[in-house]
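Using the numbering used here, read the sequence shown as starting at -11 and increasing by one per residue. Below you'll find the structure, written out as structure tokens, and then a few comments.
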Amino acid sequence: QVQLVESGGGLVQSGGSLRLSCVASGNFFSIYKMYWYRQASGKQRELVASITTSGSANYADSAKARFAISRDNAENTVYLQMNNLKPEDTAVYYCKAHYYNYDYWGQGTQVTVSS
């Protein structure tokens, strides 16, 4: 069992930056592929970025060139650096840990971008 706690969300003006963090409890964090998802009000949850156990990252088209996912296995933490934020980035951001058939989700952190 893995518990995930996100933080770092908040209110920011368009063009601003935020850095989200997701801390995992327990051991063996390094074996999990980690993801960031987001869900805007009234919309489906969508994948933003992922990072493999070896640190290879992938991004949704909406996140490319603006967001950067990274992980620190020693700190059991995955990050999402978000730059040049836009109002359409407003959503609750969730992290997910994946290993074989197991998925663990955090409770989410709200990001609001004002125009």
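Glycine residues also receive a C-beta, built at the ideal position from the N, C-alpha and C atoms. Bear in mind the structure is a predicted one, so any value in this text is a computation, not a measurement.
Problem - Pair within 8 Å by beta-carbon distance, Gly3 and Asn72 - result: yes
Practice task
May I ask you to report which of helix, strand or coil DSSP gives Ala45?
Solution key: strand
Exercise for the section: With distances taken Cα to Cα, identify the nearest neighbour of Ala48 among Asp77, Ser42, Val66, Ala62. Expected result: Asp77
Practice task
Evaluate Gly(-3) with the Cβ neighbour count: other Cβ atoms within 10 Å of its Cβ, from every protein chain shown; 16 or more gives buried, anything less gives exposed.
Solution key: buried
Problem - Residues of its chain near Ala79, where Cβ-Cβ distance is below 7 Å and the 5 sequence neighbours each way are ignored - result: Arg26, Gln27, Ala28, Val99
Problem - Residues that Asp91 bridges to, as DSSP identifies them - result: His86
Exercise for the section: Using 10 angstroms around the beta-carbon of Thr97, count the other beta-carbons present and answer buried if the total reaches 16, otherwise exposed. Expected result: buried
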